[in-house]
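Peer 1: Per our numbering, the very first residue in the sequence shown carries number 18; after that it's consecutive. Think of the CB as a built atom: it goes at the ideal place given N, C-alpha and C, for glycine as much as any other residue. Before I ask anything, here is the structure I am working with.
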Amino acid sequence: MQPFKYTRATDVAGATRAVSANKDARFLGGGTNLLDLMREGVESPSELVDIATLNLTQIRSVDGGLSIGALAKNTDTANHPLVRKNYPMLTQAILAGASPQIRNMATNGGNLLQRTRCSYFYDVSMPCNKRQPGSGCGAMEGINRNHAVFGWSDKCIAVHPSDMCVALVALDAVVKVQDATGKERSIPFAEFHRLPADSPEVDNTLKQGELITAIQLPKSNLAANSYYLKIRDRSSYAFALVSVAAGLVIRDNVIREVRVAMGGVAHKPWRAAEAEKYLNGKAATDENFAAAAEAEMKAAKPFEHNRFKVELGKRAIVHALRRATKTAAA
Ligand SMILES: Cc1cc2nc3c(=O)[nH]c(=O)nc-3n(C[C@H](O)[C@H](O)[C@H](O)COP(=O)(O)OP(=O)(O)OC[C@H]3O[C@@H](n4cnc5c(N)ncnc54)[C@H](O)[C@@H]3O)c2cc1C
Ligand code: SF4
């Protein structure tokens, strides 16, 4: 590991000033991803600015919705009574990730910014355009079982690993950020992460030195009638092969509102817009769920080892919608 400078920030202004003044500086949240990347030689920041003790941990009601501090721990967020009651999909998604020990350390801001788990990205002896732009993509012709079926480019086919982010994109969350001048920005969740295109080294739309301060959830009619389904190789310490966050509002047996998002299928948490379009105004039946899943997965472009994700994705959409419907009817 390369030597680096370590400082502990005492306020947001100081933290953002330090990281915007040095393009090789990084914020340190819980460290559960960044420190691993440093140990593996994937990232070598010259400076870490520890933000863990900043006062950004509150979870509180705002305008009928919820504001979740960027430095609240994943465990505290998942178990907060307002999250459990009004956004159970988010509780389920967070608790489906990592392990209790890691969730106790991991912060919400860090969860959004965790990097892909593509094994070629972690192996510094292999080509990887995300780690080293221009070096090639080891996964494209290699073992691509865990990789994308939507939105990939000829430069990168990695997927975003977060479970929490799949629920957040389904819930139309907004990411609040602040820069070194004190200027605040609100980024709609669907625009926070990006597809790889020609620059897979850029995961998101944050600028150097911008700090995530909070995640806001709007009031949601469907949040209480929702379900997060994660399909993985084993039940702990495993990232999603495919996951689905689904939420519905059903009145008179007609779907009035619907949200479907997927994980494990793209470089960003994937909003299943085709499935939603199909379901709006229709009856909540298995036939319609299957047709919606068909409509969504039609555009999938799999690779040699991940063709199974197309059928798995369809079944996962149907199953998640069915479970969410049962909650809605209860
Ligand atoms: C064994 C293992 C299994 C895991 N399994 C899963 C899983 O199944 N599902 C899942 O979703 N996740 C999983 N994870 C990932 C885990 O959720 C993330 O490591 C964690 O959420 C990162 O949070 P952190 O606070 O530790 O981030 P850090 O490691 O501290 O930081 C990550 C990145 O975010 C930046 N950052 C942190 N906070 C901010 C902020 N407020 N503003 C701007 N930048 C910031 C840092 O500079 C860094 O670049 C797993 C991790 C491990 C080690
Ligand atoms: S898929 Fe992306 S992260 Fe993985 S090797 Fe290719 S460029 Fe690197």
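Distance, Cα to Cα, F44 vs G31?
Peer 2: For the purposes of this step, residue 44 is taken as the residue at position 27 of the sequence shown. For the purposes of this step, residue 31 is taken as the residue at position 14 of the sequence shown. About 11 angstroms.
Peer 1: So, with DSSP's three-state summary, where would you put A347?
Peer 2: Stepping through the sequence shown from its first residue, residue 347 is reached at position 330. With a pLDDT of only 46 at A347, under the threshold of 50, the placement of this residue in the model should not be trusted, and no figure is reported.
Peer 1: Would you kindly work out how many angstroms separate the C-alpha atoms of A69 and A42, rounded to a whole number?
Peer 2: As a position in the sequence shown, residue 69 is number 52, starting the count at 1. As a position in the sequence shown, residue 42 is number 25, starting the count at 1. Their Cα atoms are separated by approximately 16 angstroms.
Peer 1: Taking only runs of the alpha helix (DSSP H) that begin and end inside the region 26-64, which ones reach a length of at least 4 residues, in chain order?
Peer 2: Entirely contained in the region 26-64, the alpha helix (DSSP H) runs reaching 4 residues are, in chain order, 29-38 and 51-56.
Peer 1: Kindly confirm or deny that the region 235-249 and the region 214-221 touch, where touching means at least three C-beta pairs closer than 8 angstroms.
Peer 2: No, they do not touch.
Peer 1: A347 to A87, Cα distance in whole Å?
Peer 2: Within the sequence shown, the letter at position 330 stands for residue 347. Within the sequence shown, the letter at position 70 stands for residue 87. Because the pLDDT at A347 is just 46, under 50, the model does not fix this residue reliably, and the value given afterwards should be weighed accordingly. Cα-Cα distance, rounded: 33 angstroms.
Peer 1: Going by the C-beta, is Q131 closer than 7 angstroms to any heavy atom of ligand 4?
Peer 2: Ligand 4 is absent from the structure shown, which contains only ligand 1 and ligand 2.
Peer 1: Would you check whether ligand 2 has a heavy atom nearer than 7 angstroms to the C-beta of H164?
Peer 2: Sequence index remark: in the sequence shown, residue 164 carries index 147 (1-based). Yes - ligand 2 has a heavy atom lying nearer than 7 angstroms to the Cβ of H164.
Peer 1: Looking only at C-alpha atoms, which of N163, S63, N39 and N50 sits nearest to F21?
Peer 2: Reading the sequence shown from its first residue, position 4 is the one you call residue 21. Checking every option, the nearest Cα to that of F21 belongs to S63.
Peer 1: What residue from V261, T342 and M143 has the CA that sits closest to K331's CA?
Peer 2: Translated into the one-based positions of the sequence shown, residue 331 becomes position 314. For the residues V261, T342 and M143, the minimum Cα distance to K331 belongs to V261.
Peer 1: Looking at the strands, I want to know which residues DSSP matches up with S84.
Peer 2: Taking the first residue of the sequence shown as 1, we reach residue 84 at position 67. R77 and Q233.
Peer 1: Can we count A312 as close to ligand 1, meaning its CB is less than 7 angstroms from some heavy atom?
Peer 2: For the purposes of this step, residue 312 is taken as the residue at position 295 of the sequence shown. The answer is no for A312.
Peer 1: What do you reckon, is the C-beta of I174 under 7 angstroms from a heavy atom of ligand 2?
Peer 2: To locate residue 174, count along the sequence shown from 1; it is residue 157. I174: yes, Cβ under 7 angstroms from ligand 2.
Peer 1: Taking Cβ positions, are N161 and E328 nearer each other than 8 angstroms?
Peer 2: Locating residue 161 in the sequence shown gives position 144, counting from the first residue. Locating residue 328 in the sequence shown gives position 311, counting from the first residue. Cβ atoms of N161 and E328: not closer than 8 angstroms.
Peer 1: Which residues mark the beginning and the end of the alpha helix (DSSP H) in which V183 is found?
Peer 2: Within the sequence shown, the letter at position 166 stands for residue 183. V183 -> alpha helix (DSSP H) spans M181 to A187.
Peer 1: How many angstroms separate the CA atom of A307 from the CA atom of A190?
Peer 2: Numbered from its first residue, the sequence shown carries residue 307 at position 290. Numbered from its first residue, the sequence shown carries residue 190 at position 173. Each residue's alpha carbon lies about 27 angstroms from the other.
Peer 1: Express the C-alpha separation of I272 and A309 in angstroms, rounding to a whole number.
Peer 2: Position 292 of the sequence shown, counted from the first residue, corresponds to residue 309. Position 255 of the sequence shown, counted from the first residue, corresponds to residue 272. Using only the alpha carbons, I get a separation of about 13 angstroms.
Peer 1: Under a three-way DSSP split, which group does V166 fall into?
Peer 2: Sequence index remark: in the sequence shown, residue 166 carries index 149 (1-based). V166 falls in the coil class under three-state DSSP.
Peer 1: Taking buried to mean at least 16 other C-beta atoms within 10 Å of its own C-beta, is N270 buried or exposed?
Peer 2: Taking the first residue of the sequence shown as 1, we reach residue 270 at position 253. Under this definition N270 is an exposed residue.
Peer 1: Near K343, which residues of its chain fall below 7 angstroms by C-beta distance, leaving aside the five closest residues on each side in sequence?
Peer 2: Walking along the sequence shown from the start, residue 343 turns up at place 326. Cβ neighbours of K343 beyond the five flanking positions: none.
Peer 1: Taking the alpha-carbon of T230 as reference, which of R56, N72, A312 and D53 has the nearest alpha-carbon?
Peer 2: As a first step, residue 230 must be located in the sequence shown, where it is residue number 213. The shortest C-alpha separation from T230 is found at N72.
Peer 1: So, is Y23 buried or exposed, given that buried needs 16 or more other C-beta atoms within 10 angstroms?
Peer 2: Here residue 23 corresponds to residue number 6 of the sequence shown, with the count starting at 1. The residue in question, Y23, is exposed, as its Cβ has fewer than 16 Cβ neighbours within 10 Å.
Peer 1: So what does DSSP say about M122, is it helix, strand or coil?
Peer 2: If you number the sequence shown from 1, residue 122 lands on position 105. M122: helix per DSSP, three-state reduction.
Peer 1: Any chance the CB of N125 is under 7 angstroms from a heavy atom of ligand 2?
Peer 2: By 1-based counting over the sequence shown, the position of residue 125 is 108. Result no, Cβ not under 7 angstroms from ligand 2.
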